[in-house]
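Single-structure report; data block below.
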Amino acid sequence: QLHVYDVELDRTHSYKFGLGRQPVSVFWEPNESNMLVVQLNTLENQMNKSKMGLESNGEDEKSALDGPKEVIDGEIVTMFATSDYGILLQDSFHIPAISTSLMGIQVPHICLMHRKSVSGNAKDGVTVEVKKRTMRDFMGLEKISKEEKKNLIKFSYYLTIGNM
Numbered sequence: 003q004l005h006v007y008d009v010e011l012d013r014t015h016s017y018k019f020g021l022g023r024q025p026v027s028v029f030w031e032p033n034e035s036n037m038l039v040v041q042l043n044t045l046e047n048q049m050n051k052s053k054m055g056l057e058s059n060g061e062d063e064k065s066a067l068d069g070p071k072e073v074i075d076g077e078i079v080t081m082f083a084t085s086d087y088g089i090l091l092q093d094s095f096h097i098p099a100i101s102t103s104l105m106g107i108q109v110p111h112i113c114l115m116h117r118k119s120v121s122g123n124a125k126d127g128v129t130v131e132v133k134k135r136t137m138r139d140f141m142g143l144e145k146i147s148k149e150e151k152k153n154l155i156k157f158s159y160y161l162t163i164g165n166m
C-alpha cells in the first residue's frame, strides 16, 4: 500500500496496488505538487498464491507474507495525489525489476537506472546507465515550454479524474 498525508484536510489517503505488488520507491515531481511516481516489485510467493486461487483467510495470507520472497517483475506507476479524489493511477509500464531502478521524475521524463554486466557475467563488473523515459502523455512533445507543459499536466490530470 501507498499512504499519502494530506496537510490541507489533515487525513491520510491510501492506495492498494494489489496482492504481491510492493512499492519499493516513491518520488514526487519537484514542480507539480500532486504528481508522483512509484516503483513496484511483484513478489513470487504472493503471485503464486493468487494464481492458485487460494481462499483469502488470515492464515493463508499471513503465511504467504511470511514466506521467502523473490522479485519476479517490476512496474513504474505515475499517480496524482489530490484532496478531492485521493490517490489516482495515471499510467504504468513494466520494467525488469532485477536490473532497473527508479531514480526520479521531472516532467516529461521518468529517470531510470539500468544496470548490466560488462560481459554478461556479473563477476566481470557492472555498468550503470541513466535512461530517461518520456511519459505517455508527452510522447513527441518533449521540447515544449513551461506553460505548455503545465497545461498538458492539467489535461492529463483531468483525464485521470474522468473530467473530460
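Take the sequence shown: its position 123, counted from the start at 1, is 125 in my numbering, and no numbers get skipped.
For every residue, glycine included, the Cβ atom is placed at its ideal position computed from N, Cα and C.
Limits of the alpha helix (DSSP H) - the one that residue i falls within
i, result
"Y159", "K148 to I163"
Proximity to residue i [Cα-Cα], best of the options
i, options, result
"L42", "E34, P32, C113 and E77", "E77"
"V132", "R23, H116 and K145", "H116"
"D75", "E46, T84 and I89", "E46"
"P98", "T44, V128, T136 and E149", "T44"
"E72", "W30, H111, G22 and Q108", "G22"
"S119", "S101, Q3 and I146", "S101"
"K156", "V6, S35, T14 and F29", "S35"
"M2", "Q92, K148 and H111", "Since the displayed the chain opens at 3 and closes at 166, residue 2 lies outside it and no answer follows."
"L11", "S85, T80 and V28", "S85"
Residue i, enclosing beta strand (DSSP E) - first and last residue
i, result
"D93", "G88 to I97"
"Q24", "R23 to W30"
"S16", "R13 to Y17"
"N43", "M37 to L45"
"V6", "L4 to D8"
Cut-off 7 Å between Cβ atoms - residues of its own chain near residue i, not counting five sequence neighbours on either side
i, result
"I163", "Y87 and L90"
"N153", "none"
Residues near residue i in its chain [Cβ-Cβ closer than 6 Å; skip 5 each side]
i, result
"G20", "none"
"K18", "Q3"
"V26", "Q41 and N43"
"H96", "E77"
* At which residue ranges does the region 99 to 141 contain complete beta strand (DSSP E) runs of 3 or more residues, listed in the order of the chain? -> 102 to 108, 111 to 119 and 128 to 136
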